[in-house]
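Participant:
Protein chains in written order, with the working numbering: chain C, 1 to 357; chain F, 358 to 714.
Listed below in structure tokens is the structure:
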């Protein structure tokens, strides 16, 4: 079996502003360790798949930055999308290019900006999922056991076991972000898992399912050469993205296919959706403060302080997020961290501050 | 009449950390306007006394910085004190050097880091006080009408009018910083004024009073040449400061002399004792936020935001002080601004952070 990781790194991560900037979004930041998250994503694969087998789809303007961070990934494997069209077109393109890799090839679609620990468990889960994808010709997603009634995630309802004794389950349904009461029910019921955006399949399986459920995408692939280095490929890819609908793989395929399986994960996971999530990563001091970089927190508790340059000094404050980057300082309550996007929207409307985007 | 301003600029202003730094204390900062406060202090004098007549006493290590800011003040008039000895020795030295300026000369001792508005009223009050100092051979202090029961200031108890119909009063007593109940009584009683550290006198009057009440300082003056440019002056000044007791002019002279008068001020005054004081200066927006520099305050109120470089973005916070300087961000509640010194003390104890002092 040969796993071909396809890392999706096209997001903007505005909720991590001001650390995430238009030119340096979340996946390029060292949020959990000292490495940029996309680098962490590649390194986490270890022996399962070396950098030479990794593919990355990102936005065209981020391609150079991704290449710098992933210098050991073949340059041709780092694809700059000329226009963002959600996940289905990117996954279709990867399946198309990898369709000649033989019967042992399994594609593993991986987000580039999530926290996953420990890497050993991640690898064994990924390998098990890949085996299922190959042996069952299934589209396998890895489901995360919910630890709280999160309303910001999609859920997967697990059905019958894929086979007697198998930990994998058929997918009964994909569920959109629930309301709080429904989320509570999902968590206590034990049948629902978080959808973490990780999918495994053979290229042929995915191309078949796209043909069946997203023919408007599948048909466009015929005009794309067999690899990104083929003559005329760049122009063909540009035309493909131009013509493709903007649609998620969840909606285009996963919610419709009869071949979906879900494997419950044994690793810890967080999508790091906002600054507040850093408080869940661990490493708090006795006062519940989470500090990265140089900080001086006096008579303060529950503070998430992140400085990548210079000192953050706080006195007598509680449950605040304080971020200091090169040229911006952000202060907000932890429970307002989701709303940081509001500030980004304000910046977009104010030309005098647009350089802080 | 010829007013000789003597500006005292030796303080460290630690409560304005991190904007105030060891090498750039409060008097060198543009806290109220775009000008450093000591520059504001000199400019405020207008026609009363041009820069060529101004003297400044500061600490030796700040002399260069003060000279840069006050390039139009004669370099010899900017005296670097080799060791801080409070206000009495500095005032004694200035009186000694100015004693040959003739019968019309009046010294005006002025702090370098207070807010005073409007300058016109300040000038007319200062002129009236100088006239009193000359005509009555008095030591005149300008008293500020208290606007709140401040426990952080010294008070002056006003006695009988200096002369029938005169707005000036004899000083009945100097009162140390009161407890809250006493402060309330002072404010409601109407007889007490804040001591703002402004004193006017002829050089001869001050030298006589020093001789009478602080002979241990007066005697040291005999060894100091007649001006800072005289041969041997630098060494003599160093010896003077070495030998002089550390004592305030309030304690050395004002509380003891029979020649003290107080003139109630007609101008608005604030000693800008901490970041919170910026909130009293005016200029708040509709949400009560006071912003200097580039700021983006969303759904926030009562915030004092001061950035001298880069952006401060706040979301959903209330009554905070947020300061962003080149390499430090400070966050604390407005009502803890007095305690910023605690952070400075912490920095002094931590060698790894000492560069932020």
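For each residue, glycine too, the CB sits at the ideal point set by N, CA and C.
Taking Cβ positions only, does residue 106 of chain C come closer than 8 angstroms to chain F?
Facilitator: Numbered from its first residue, the first chain carries residue 106 of chain C at position 106. Residue 106 of chain C does not count as touching chain F.
Participant: With a cut-off of 8 angstroms, do at least 3 Cβ pairs link the region 197 to 206 of chain C to the region 89 to 99 of chain C?
Facilitator: yes
Participant: Closer than 7 angstroms, Cβ to any Cβ of chain C: which residues of the region 683 to 701 of chain F, in chain order?
Facilitator: So the list reads 684, 685, 686, 687, 688, 689, 690, 693, 696, 697, 699 and 700, given in the order they occur along the chain.
Participant: Please report the straight-line C-alpha distance between residue 386 of chain F and residue 399 of chain F, rounded to a whole angstrom.
Facilitator: Locating residue 386 of chain F in the second chain gives position 29, where the first residue counts as 1. Locating residue 399 of chain F in the second chain gives position 42, where the first residue counts as 1. Spanning the two alpha carbons is a distance of roughly 14 angstroms.
Participant: Where does the unbroken beta strand (DSSP E) through residue 160 of chain C begin, and where does it stop?
Facilitator: Translated into positions along the first chain, residue 160 of chain C becomes position 160. Per DSSP, residue 160 of chain C is one residue of the beta strand (DSSP E) stretching across 155 to 161.
Participant: Identify each residue in the region 16 to 43 of chain C for which the Cβ-Cβ distance to at least one residue of chain F is less than 7 angstroms, and report them in chain order.
Facilitator: 18
Participant: Buried or exposed for residue 482 of chain F, please, with buried defined as at least 16 other CB atoms from any protein chain shown within 10 angstroms of its CB.
Facilitator: Here residue 482 of chain F corresponds to residue number 125 of the second chain, with the count starting at 1. Of the residues assessed, residue 482 of chain F falls on the buried side of the cut-off, its CB having 16 or more other CB atoms within 10 angstroms.
Participant: Taking three-plus beta-carbon pairs below 8 angstroms as touching, is the region 102 to 110 of chain C in contact with the region 153 to 171 of chain C?
Facilitator: no
Participant: Kindly examine the ligand GDP and report whether one of its heavy atoms sits closer than 7 angstroms to the Cβ of residue 342 of chain C.
Facilitator: Absent from the structure shown: the ligand GDP. Ligands present: none.
Participant: Output the distance between the C-alpha atoms of residue 694 of chain F and residue 190 of chain C, rounded to the nearest integer angstrom.
Facilitator: For this step, residue 694 of chain F is matched to residue 337 along the second chain. For this step, residue 190 of chain C is matched to residue 190 along the first chain. Approximately 50 angstroms between the Cα atoms of the pair.
Participant: My assumption, with CB atoms under 8 angstroms, is that residue 356 of chain C sits in contact with residue 25 of chain C. Please give the rounded CB distance.
Facilitator: Mapped onto the first chain, residue 356 of chain C falls at position 356. Mapped onto the first chain, residue 25 of chain C falls at position 25. Rounded, the Cβ-Cβ distance is 15 angstroms, inconsistent with contact.
Participant: Please check if any C-beta of chain C sits within less than 8 angstroms of the C-beta of residue 451 of chain F.
Facilitator: One-based indexing of the second chain puts residue 451 of chain F at position 94. Closer than 8 angstroms: no.
Participant: Can you give me the Cβ contacts of residue 48 of chain C inside the same chain, cut-off strictly under 7 angstroms, excluding the 5 residues immediately before and after it?
Facilitator: Along the first chain, read from residue 1 onward, the residue named residue 48 of chain C stands at position 48. These residues qualify, in order along the chain: 3, 123, 126 and 127.
Participant: Are there 16 or more other CB atoms within 10 angstroms of the CB of residue 678 of chain F, so buried, or fewer, so exposed?
Facilitator: Locating residue 678 of chain F in the second chain gives position 321, counting from the first residue. Residue 678 of chain F is buried by the Cβ-count criterion.
Participant: On the criterion of 16 or more Cβ atoms from any shown chain inside 10 Å, does residue 709 of chain F qualify as buried, or is it exposed?
Facilitator: Against the second chain, residue 709 of chain F aligns to sequence position 352. Exposed, since its Cβ has fewer than 16 Cβ neighbours within 10 Å.
Participant: Nearest to residue 228 of chain C by alpha carbon, out of C/64, C/31 and C/77?
Facilitator: Along the first chain, read from residue 1 onward, the residue named residue 228 of chain C stands at position 228. Looking at the Cα atoms, C/77 is the closest of the given residues.
Participant: Cα separation between residue 551 of chain F and residue 326 of chain C?
Facilitator: On the second chain, residue 551 of chain F is found 194 positions in, with the first residue counted as 1. On the first chain, residue 326 of chain C is found 326 positions in, with the first residue counted as 1. Taking the straight line joining both Cα atoms gives about 43 angstroms.
Participant: What separation, rounded to the nearest whole angstrom, lies between the Cα atoms of residue 184 of chain C and residue 302 of chain C?
Facilitator: On the first chain, residue 184 of chain C is found 184 positions in, with the first residue counted as 1. On the first chain, residue 302 of chain C is found 302 positions in, with the first residue counted as 1. Roughly 25 angstroms separates the two Cα atoms.
Participant: Counting only Cβ pairs nearer than 8 angstroms, list the residues of chain F close to residue 322 of chain C.
Facilitator: Residue 322 of chain C sits at position 322 when you count from the first residue of the first chain. What residue 322 of chain C touches in chain F: 686 and 688.
Participant: Does DSSP put residue 97 of chain C in a helix, in a strand, or in coil?
Facilitator: Looking up residue 97 of chain C in the first chain gives position 97. DSSP places residue 97 of chain C in helix when its eight states are reduced to three.
Participant: Pick out whichever of F/511, F/623, F/615 and F/373 has its Cα sitting closest to the Cα of residue 476 of chain F.
Facilitator: Taking the first residue of the second chain as 1, we reach residue 476 of chain F at position 119. Checked all of F/511, F/623, F/615 and F/373; the closest Cα to residue 476 of chain F is F/623.
Participant: Quick one, which of F/491, F/499 and F/636 has its alpha-carbon nearest residue 692 of chain F's?
Facilitator: Residue numbering aside, residue 692 of chain F sits at position 335 when the second chain is read from its first letter. It is F/636 whose Cα lies nearest to the Cα of residue 692 of chain F.
Participant: Over the uninterrupted alpha helix (DSSP H) stretch that includes residue 64 of chain C, give me the two end residues.
Facilitator: Locating residue 64 of chain C in the first chain gives position 64, where the first residue counts as 1. Segment 63 to 69, the alpha helix (DSSP H) holding residue 64 of chain C.
Participant: Count the other CB atoms within 10 Å of the CB of residue 442 of chain F; is the residue buried (16 or more) or exposed (fewer)?
Facilitator: As a working mapping, residue 442 of chain F is identified with position 85 in the second chain. Buried is the call here.
Participant: Can you give me the C-alpha to C-alpha distance between residue 362 of chain F and residue 487 of chain F, rounded to a whole angstrom?
Facilitator: Mapped onto the second chain, residue 362 of chain F falls at position 5. Mapped onto the second chain, residue 487 of chain F falls at position 130. The alpha-carbon atoms of residue 362 of chain F and residue 487 of chain F are separated by roughly 11 angstroms.
Participant: Taking 8 angstroms as the cut-off, decide whether the C-beta atoms of residue 298 of chain C and residue 703 of chain F are in contact.
Facilitator: If you number the first chain from 1, residue 298 of chain C lands on position 298. If you number the second chain from 1, residue 703 of chain F lands on position 346. Closer than 8 angstroms, so yes.
Participant: Given that residue 703 of chain F touches chain C, what residues does it touch there, using C-beta distances under 7 angstroms?
Facilitator: The sequence position of residue 703 of chain F within the second chain is 346, counting from 1. Residues of chain C passing the Cβ test: 296 and 298.
Participant: Between residue 440 of chain F and residue 413 of chain F, which are expected to be in contact by the criterion C-beta below 8 angstroms, what is the C-beta distance as a whole number of angstroms?
Facilitator: Taking the first residue of the second chain as position 1, residue 440 of chain F is located at position 83. Taking the first residue of the second chain as position 1, residue 413 of chain F is located at position 56. The Cβ separation is near 17 angstroms, so there is no contact.
Participant: Does the beta carbon of residue 650 of chain F come closer than 8 angstroms to any beta carbon on chain C?
Facilitator: The count along the second chain starts at 1 and reaches residue 650 of chain F at position 293. No - not a single Cβ of chain C is within 8 angstroms of the one on residue 650 of chain F.
Participant: Helix, strand or coil for residue 88 of chain C? Go by DSSP, reduced to three states.
Facilitator: Working through the first chain from its first residue, we reach residue 88 of chain C at position 88. Looking at residue 88 of chain C - three-state DSSP - the assignment turns out to be helix.
Participant: Under 8 angstroms between C-beta atoms, does residue 288 of chain C make it to chain F?
Facilitator: For the purposes of this step, residue 288 of chain C is taken as the residue at position 288 of the first chain. No - not a single Cβ of chain F is within 8 angstroms of the one on residue 288 of chain C.
Participant: Could one say the Cβ of residue 403 of chain F lies closer than 8 angstroms to chain C's Cβ atoms, at least one of them?
Facilitator: Start at 1 with the first residue of the second chain, and residue 403 of chain F comes out as number 46. Residue 403 of chain F does not count as touching chain C.
Participant: Could you tell me if residue 358 of chain F is buried or exposed, where buried requires 16 or more neighbouring beta carbons within 10 angstroms of its beta carbon?
Facilitator: Along the second chain, one-based indexing puts residue 358 of chain F at 1. It counts as exposed.
Participant: Reducing DSSP to helix, strand and coil, say where residue 258 of chain C ends up.
Facilitator: In the first chain, residue 258 of chain C corresponds to position 258, counting from 1. Three-state result, residue 258 of chain C: coil.
Participant: Roughly how many angstroms lie between the CA atoms of residue 328 of chain C and residue 668 of chain F, to the nearest whole one?
Facilitator: To locate residue 328 of chain C, count along the first chain from 1; it is residue 328. To locate residue 668 of chain F, count along the second chain from 1; it is residue 311. So the alpha carbons of these two residues sit roughly 5 angstroms apart.
Participant: Assuming residue 141 of chain C contacts residue 262 of chain C under a Cβ cut-off of 8 angstroms, what Cβ separation, rounded to an integer in Å, is found between them?
Facilitator: The sequence position of residue 141 of chain C within the first chain is 141, counting from 1. The sequence position of residue 262 of chain C within the first chain is 262, counting from 1. Right, their Cβ atoms sit about 5 angstroms apart.
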